[in-house]
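In my numbering, the protein residues as written are 2 to 260. Virtual Cβ for every residue (Gly too), placed ideally from N, Cα, C. Working notes for the structure below.
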Amino acid sequence: MSLFYLGPVALATWYGGRRAGIGIASISCVLWYGTQLASGFPYSHPLIPVWNALIRFGFFFVTSSLLMALRGSLVEQRHLARTDVLTGLCSRRAFEDRLDHELAMAQRRSTPLTLAYLDLDDFKAVNDSLGHAEGDRLLRTTGQAVKKALRKTDIAARLGGDEFALLLPGSNGHGAQRIVEHLGRELREAFSASALEITCSIGVVSFLEPGVSATDALAAADALMYEVKRQGKAAVAFRVVGGAPLQGLRDDGASTGGA
């Protein structure tokens, strides 16, 4: 009979939380106690059914607590798997999932989407000369600047090492340029405050008619970023894919002034 009540207690705890689980446990114990009284079963002492009900409640309570701990652990593990621990940005896996989703939504709604790929220039030299602790501090600083510059609807990730990606849903070339220029200002301020002479290279690709895969979109932005690297670093390059070219969009690797 305890197992009959255990199912609802477990489900209530898992989906409703500790309070829901304890509430269902209390109701279950009252119902069990009522059925025992109604059955007319002879007990050697009138407090025995009360004691049994309390024992069952303790069992349900422990079960509820264990399930809450298990659920909390699973949620934390899922969060860690989808979050870069160092910067607090999305992990690569989480970013690619979101990119897949946003590309599908953009194609369905016929809306633009922009993807930016950012790489810190000469980051290895920082690690080699100042140590990995300073390199980690620089990555955290970059992550904070990225968070500060983006809109609530935008998504940012650290893809690995010193590489970052930004997903700007609904942004065409001009909209992306404004956001990236704001990002450049935030990065300059952050790097200046850290007393490090560091710059970054950014490739920004706007898809006006999204129909590419997440892999191809990332590869396009990555290739454009490396084109900036080859041309001297410390700059931003913009490219528009699909639709008519946008007048006035700078796509010549315009410098962000140290971003």
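Task: Given 8 Å, three or more beta-carbon pairs between the region 134-146 and the region 118-126 - done: Between the region 134-146 and the region 118-126 there are three or more inter-stretch CB-CB distances shorter than 8 Å, so the stretches are counted as touching.
Open item on the list: I need the straight-line Cα distance from Ala1 to Leu116, nearest angstrom please.
Closed with: The first residue shown for the chain is 2 and the last is 260, placing residue 1 beyond what the model contains.
Task: Integer-rounded CB distance, given that Ala177 should sit under 8 Å from Leu169 - done: In this structure Leu169 is in contact with Ala177, their Cβ atoms being roughly 5 Å apart against a cut-off of 8 Å.
Open item on the list: Nearest by alpha-carbon distance to Leu90: which of Gly73, Leu151, Thr64, Leu71 is it?
Closed with: Answer by Cα proximity: Leu151.
Task: Inter-residue spacing [alpha-carbon to alpha-carbon] between Gly259 and Val76 - done: At Gly259, the pLDDT of 43 sits below 50, so the modelled position is not reliable; the number obtained from the coordinates is stated separately. Gly259 and Val76 have their C-alpha atoms roughly 39 Å apart.
TODO: Give the single residue among Ser195, Pro9, Ser193 whose Cα lies nearest to the Cα of Ile28.
DONE: Of the residues Ser195, Pro9, Ser193, the one whose Cα lies closest to the Cα of Ile28 is Pro9.
- [ ] Determine the direct distance from the alpha carbon of Leu55 to that of Phe61, and round the result to whole angstroms.
- [x] About 10 Å.
Open item on the list: Suppose contacts are defined by Cβ-Cβ distances below 9 Å. Is Val181 in contact with Phe239 by that definition?
Closed with: Val181 is a Cβ neighbour of Phe239, given a cutoff of 9 Å.
Open item on the list: Tell me the rounded alpha-carbon separation between Tyr34 and Ser45.
Closed with: Cα to Cα, Tyr34 sits roughly 16 Å from Ser45.
Open item on the list: So, with DSSP's three-state summary, where would you put Ser207?
Closed with: Here Ser207 sits in strand by DSSP.
Open item on the list: If I follow the unbroken beta strand (DSSP E) through Ala158, where does it start and stop?
Closed with: Counting along the chain, Ala158 sits inside the beta strand (DSSP E) bounded by residues 156-161.
Open item on the list: So the candidates are Ala11, Gln37, Ile199; which of them puts its Cα closest to the Cα of Asn128?
Closed with: Just measuring C-alpha positions, the residue of Ala11, Gln37, Ile199 sitting nearest Asn128 is Ile199.
Open item on the list: I'd like to check one pair, Ser74 with Thr84: are the Cβ atoms closer than 9 Å?
Closed with: No, these two residues do not count as a Cβ contact at 9 Å.
Task: For Glu228 and Gly204, believed in contact at Cβ under 8 Å, the rounded distance - done: With a beta-carbon spacing of about 7 Å, Gly204 and Glu228 fall inside the 8 Å limit used to define contacts.
- [ ] Note the first and the last residue of the continuous alpha helix (DSSP H) segment covering Phe192.
- [x] Membership of Phe192 in the alpha helix (DSSP H) is indicated by the continuous run 174-194.
Open item on the list: Using the Cβ count rule (16 or more neighbours within 10 Å means buried), how would you classify Arg57?
Closed with: Buried, because 16 or more other Cβ atoms sit within 10 Å of the Cβ of Arg57.
Task: alpha helix (DSSP H) segment containing Arg231, residue limits - done: Arg231 -> alpha helix (DSSP H) spans 215-231.
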